[in-house]
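Participant: The sequence shown begins at 137 in the working numbering and counts up by one. Could you have a look at this structure, given as structure tokens, before my questions?
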Amino acid sequence: MVREHMGSVASLGSALAYELHHAPHLLVASVEGGESESALPFFPDKQVKVVGIEPDAWQAFTLTPVASTALNKRTKALIGLGLIGCALAGIGGVVSTPSTSVVTPAPVTSAPSEESMFMTTLMSRPLAYPLIMNAIAMAIEAQTLPHGMVLSTLTLDSDTHQLVGTVAKGDSRRKSRRDWASKAGRQSQWVEEAAQLRSKALATAPWQDVDVVEFLPAAIDALEQFGVTVSPPVTTQHGRLLAQQYTLSMTGTLGELALLAPILNASFITATAFNMTVAGDVISQLTLNITVQGVNHDR
Numbered sequence: 137m138v139r140e141h142m143g144s145v146a147s148l149g150s151a152l153a154y155e156l157h158h159a160p161h162l163l164v165a166s167v168e169g170g171e172s173e174s175a176l177p178f179f180p181d182k183q184v185k186v187v188g189i190e191p192d193a194w195q196a197f198t199l200t201p202v203a204s205t206a207l208n209k210r211t212k213a214l215i216g217l218g219l220i221g222c223a224l225a226g227i228g229g230v231v232s233t234p235s236t237s238v239v240t241p242a243p244v245t246s247a248p249s250e251e252s253m254f255m256t257t258l259m260s261r262p263l264a265y266p267l268i269m270n271a272i273a274m275a276i277e278a279q280t281l282p283h284g285m286v287l288s289t290l291t292l293d294s295d296t297h298q299l300v301g302t303v304a305k306g307d308s309r310r311k312s313r314r315d316w317a318s319k320a321g322r323q324s325q326w327v328e329e330a331a332q333l334r335s336k337a338l339a340t341a342p343w344q345d346v347d348v349v350e351f352l353p354a355a356i357d358a359l360e361q362f363g364v365t366v367s368p369p370v371t372t373q374h375g376r377l378l379a380q381q382y383t384l385s386m387t388g389t390l391g392e393l394a395l396l397a398p399i400l401n402a403s404f405i406t407a408t409a410f411n412m413t414v415a416g417d418v419i420s421q422l423t424l425n426i427t428v429q430g431v432n433h434d435r
């Protein structure tokens, strides 16, 4: 034999089709009660019936098993079918073909580059201009809070990208606070348990491939004319990608802040920190950390 196959009679035709076609004779054990019909449903003209081997004589013809599970399946198939074997005359040797497992390699994923990680970080930060305008709107709206409630500070929650207002409840009633919060069109959401006002999530923007060399001096000059103190920049660079961090600080009024905000209205200026102490329209202290992101085209 060139191969062996243990299974049902129906599976022999597909498993050994090539060998069955080229074999001149098929030696088939007689099946009890089946003398009038062919033992196999294919190539009846090639079949030569032989005397079956009695069970007590099987030991002499037992092959070395490939695996114990395969031997168990082989014995069960022989007993269940009553078919001792199928020999292909004229072909010598017996070879057992073990099953071959196919191992699919895991897909190879390349680690993100430092530049791509740098860009992703900058794109995840809120834009400076919408942040300032939201802070102004929240401070103005807070002046309509129920009697006894006072907004004292507004800060940026960098995890949720929300402005958070700290409010003193004073002697205000819970129902008054609930009625105020339930009105439609509010700029912020009232959180009773934390005594906070929270804005909606602030806008972010995709990376901007711009050269900011000429923009920065003009923007800094304009901010300083409004009395804003601008710190020296801290520059971070990865290849051609550039980020310059500034700290802006000022005192004044909400109106003055609204006038200078358009200077920072650019999709490549993001905010990393914001803290404003306010009483009505008066800003006693404002600190804003911004990052100007772009490309160094000289590299």
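Every residue gets a Cβ at the ideal spot worked out from N, C-alpha and C, and that includes glycine.
Would you mind sorting N401 into buried or exposed? The rule is 16 or more other CB atoms within 10 Å of its CB.
Facilitator: Exposed, because fewer than 16 other Cβ atoms sit within 10 Å of the Cβ of N401.
Participant: For R310, which option in R322, W326, D295 has the closest C-alpha, if you only look at C-alpha atoms?
Facilitator: W326
Participant: With a threshold of 6 Å on Cβ separation, who are the neighbours of Q344 within its own chain once the five nearest residues in sequence on each side are excluded?
Facilitator: Hits under 6 Å: S403, F404.
Participant: Which same chain residues, not among the five before or five after A278, have their C-beta less than 6 Å away from its C-beta?
Facilitator: Same-chain partners within the cutoff: L287.
Participant: Let me confirm a value: R261 is counted as buried when at least 16 other C-beta atoms fall within 10 Å, else exposed. Which label applies?
Facilitator: buried
Participant: Taking only the alpha-carbon atoms, compute the straight-line gap between P180 and V187 and give it to the nearest angstrom.
Facilitator: 17 Å
Participant: Within its chain, find whatever has a CB closer than 6 Å to the CB of D293; leave out the 5 residues flanking it on each side and keep chain order.
Facilitator: V300
Participant: So which of L378, A354, R376, T387 has the shortest CA-CA distance to V364?
Facilitator: Of L378, A354, R376, T387, the residue nearest in Cα terms is T387.
Participant: Going by C-alpha distance, which of T280, V348, R313, A379 is nearest T257?
Facilitator: A379
Participant: Can you tell me which residues form a DSSP beta bridge with T413?
Facilitator: T289, Q421
Participant: Pull the bridge partners of K185 from the DSSP assignment, please.
Facilitator: For K185, which the question treats as bridged, DSSP gives the partners V164.
Participant: Taking a contact to mean a Cβ-Cβ separation below 7 Å, would you say A264 touches I426 in this structure?
Facilitator: yes
Participant: Can you name, in chain order, every residue of its own chain whose Cβ lies under 8 Å from the Cβ of G416, other than the five neighbours on each side?
Facilitator: Q279
Participant: Please specify which runs of the beta strand (DSSP E), each continuous and at least 3 residues long, are wholly inside the stretch 294-341, giving them in chain order.
Facilitator: 298-304, 324-327, 332-335
Participant: Spatial neighbours of G430 within its chain, please: C-beta separation below 7 Å, excluding the five flanking residues on both sides.
Facilitator: Result list for G430: Q344, V346, D347, V348, L378, F404, in chain order.
Participant: Return the residue from the list I356, P160, Q332 that minimises the CA-CA distance to P369.
Facilitator: I356
Participant: Using only the alpha-carbon positions, how far apart do T302 and E328 sit?
Facilitator: 11 Å
Participant: To the nearest angstrom, how far is the alpha carbon of P398 from that of I268?
Facilitator: 10 Å
Participant: I'd like to know whether the C-beta atoms of N411 and S335 end up nearer to each other than 7 Å.
Facilitator: The Cβ-Cβ distance between N411 and S335 does not fall below 7 Å.
Participant: Nearest to L395 by CA position, among P342, A407, A358, is which residue?
Facilitator: A358
Participant: What first and last residue would you give for the alpha helix (DSSP H) that runs through A379?
Facilitator: First-last for A379: 377-389, but that is the beta strand (DSSP E), not the alpha helix (DSSP H).
Participant: Roughly how many whole angstroms lie between the Cα atoms of K182 and E190?
Facilitator: 24 Å
Participant: Just curious, the alpha helix (DSSP H) that Q361 is in, first and last residue?
Facilitator: Counting along the chain, the alpha helix (DSSP H) containing Q361 begins and ends at 351-361.
Participant: From the DSSP output, read off the bridge partner residues of A394.
Facilitator: Looking at the DSSP assignment, A394 forms no beta bridge with any residue, so it has no partner.
Participant: For V428, collect the residues of the same chain with a Cβ closer than 6 Å to its Cβ; drop the 5 residues on either side in sequence, then sort them by chain order.
Facilitator: V348, Q380, I405
Participant: Excluding the 5 residues preceding and the 5 following Q421 in the sequence, name in chain order all residues of the same chain whose CB lies nearer than 8 Å to its CB.
Facilitator: S385, T387, N411, M412, T413
Participant: Of the choices V164, S318, E250, whose alpha-carbon is the least far from that of R376?
Facilitator: E250
Participant: Pull up the CB-CB distance for A331 and K305, whole angstroms please, since I reckon it's below 8 Å.
Facilitator: 6 Å
Participant: Keeping to the same chain, check which residues put their C-beta closer than 7 Å to that of M255; ignore five residues upstream and five downstream.
Facilitator: W343, L377
Participant: What does a CB cutoff of less than 8 Å around S312 pick up in its chain, not counting 5 residues either side in sequence?
Facilitator: P282, H283
Participant: In whole angstroms, what is the alpha-carbon distance linking V184 and A165?
Facilitator: 8 Å
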